[in-house]
Amino acid sequence: MTEQTHQAPCVLVTGGAGYIGSHTLVSLVEAGYRPLVLDNFSNSARQAIERVGVLCGETPECIEGDIRDRSCLDDIFQRHPVTAVIHFAGLKSVGESVREPLRYYDNNVAGSVTLLQAMQAAGVDTLVFSSSATVYAPGVTMPVAEDAPLGPINPYGQSKLMVEQVIRDHCLAHPTFRAALLRYFNPTGAHPSGKLGESPRGTPENLVPYIAQVATGVRDALTVFGNDYDTVDGTGVRDYIHVMDLAEGHVHALDALRERTGAHTWNLGTGTGYSVLEMVRAYEKACGREIAYTVGERRPGDVGTCYACTRKAASELHWQASRDLEEMMRDNWRWQVSQDA
Ligand code: NAD
Ligand code: UDP
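So for the sequence shown, the working numbering puts the first residue at -13; every next one is plus one.
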């Protein structure tokens, strides 16, 4: 271990082997932090940490364990000088959460409560939490700001809102505690090196991973979920954000919490929406292949349009997304190609 890494502040990253977590490890190392990963690999593999090591020149320490395991957490806090926690660990499939709500509430809500209890016992008072734009109520005005009405319509979204509430209440009871509740819009793309990206298991639920699998020939055609929305071409509009912009947002959140206590909510999006068909065309341009698609029914629970108001994050986090759609699609494709190589 170099002297610099020895002195670098240690940040526990739960779920650090996952898609957003692994990219955030890169940003943390670049910003001079020493990330320490806790992951149960339920939706990832240790290989992601090794890839981060290749990119950063040092492999973050990674502990295999579960956020619901209090003794594992106590042991981590006892052995490592953790100054802050970035909490990505969670289950994230909307459809699965409808079928198995108890698993989602246990993993996402009970797991977060256990983590907070262990942090309190260890005197660690800084937390960055992965929330989601799914906490907003359907029908809110776009661009959606942090103070818009809340009302998730599936157990996954409910689990995120519940954890936000748990954290807010914890902050009220413990005035030295500080937390960033980061509401992500639609992360996509990959590290520009092509060495790190998203590896969805099974059939992807999200648009870009599905398009990527059509491009690589794993799937025949995309089903566009409805073309009768009140949007530019009738297909759903979302705020896609490059995963490296999102990753850097976490470093800014850690910095912002240095001068704040209490719970703070920030949207992490670009403020720009693209339709499904615009995404298809952008991916076609990046990969040089045609993306076959058919138009199907609307997906239950989908809204027509969702994009972020980014003002609060810009003024308080001094952060805004800088990578455009072309870069997101190009980096995604580079990652697909490098996996096949
Ligand atoms: P991911 O599934 O790739 O990463 C989550 C990681 O957490 C995985 O490595 C998984 O193995 C780990 N994990 C799950 N439960 C755990 C547990 N009990 N103990 C330890 N590790 C556990 O997902 P992601 O896309 O990187 O998302 C990270 C976070 O951001 C999640 O909380 C997700 O809900 C949230 N989020 C994701 C999106 C998105 O579109 N990807 C959007 C909004 C919010
Ligand atoms: N979508 C689609 N076909 C798919 C997956 C998604 O048409 O196979 C659409 C979906 O209806 C939405 C957009 O793509 O309008 C983004 O969906 P995703 O699930 O990626 O994100 P979310 O809806 O959670 O914002």
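Virtual Cβ for every residue (Gly too), placed ideally from N, Cα, C.
Assigned secondary structure, residue i (DSSP; H/G/I helix, E/B strand, else coil)
i       : result
ASP241  : helix
ILE139  : coil
TRP252  : strand
TYR19   : coil
TYR279  : strand
SER261  : strand
MET314  : helix
VAL(-3) : strand
ALA201  : helix
Euclidean distance between Cα positions of residue i and residue j
i        : j      : result
LEU59    : HIS66  : 11 Å
GLY81    : MET128 : 25 Å
GLY180   : PHE115 : 27 Å
GLN(-10) : VAL12  : Since pLDDT at GLN(-10) reaches only 48, below the 50 mark, its modelled position is unreliable, and the value read off the structure follows with that caveat. Going by the C-alpha atoms only, they are around 16 Å apart.
ALA198   : GLN322 : 7 Å
HIS156   : LYS78  : 24 Å
ASP317   : VAL40  : 18 Å
LEU22    : LEU14  : 10 Å
MET(-13) : GLU16  : Bear in mind that the predicted position of MET(-13) carries a pLDDT of just 43, short of 50, making it unreliable; the figure below should be weighed with that in mind. If I take the Cα positions, the gap works out to 16 Å.
GLN64    : MET105 : 11 Å
ALA242   : MET265 : 33 Å
Sequence-distant residues of the same chain with beta carbon closer than 8 Å to residue i, five excluded per side
i      : result
SER8   : GLY2, SER30, ALA34, ILE35, ARG37, VAL38, LEU182
GLU191 : SER79, VAL80, GLY81
ASP92  : ARG54
Buried versus exposed, by CB contacts within 10 Å (16 or more), residue i
i      : result
PRO286 : exposed
GLY97  : buried
LYS146 : buried
GLU312 : exposed
HIS343 : With the chain covering -13 to 327 only, the question about residue 343 has no answer from this structure.
PRO141 : buried
Own chain, CB closer than 6 Å to residue i, minus 5 neighbours either side, in chain order
i       : result
PRO(-5) : TYR19, THR69
PRO178  : ASP317
VAL210  : THR221, VAL262, TYR279, VAL281
Complete runs of the beta strand (DSSP E) confined to the region 104 to 188 [at least 3 residues]: 112 to 118, 164 to 170, 172 to 174
Identify every run of the alpha helix (DSSP H) within the region 33 to 103, keeping only runs that are complete inside it and at least 4 residues long; order them along the chain. 33 to 42, 56 to 65, 80 to 85, 87 to 90
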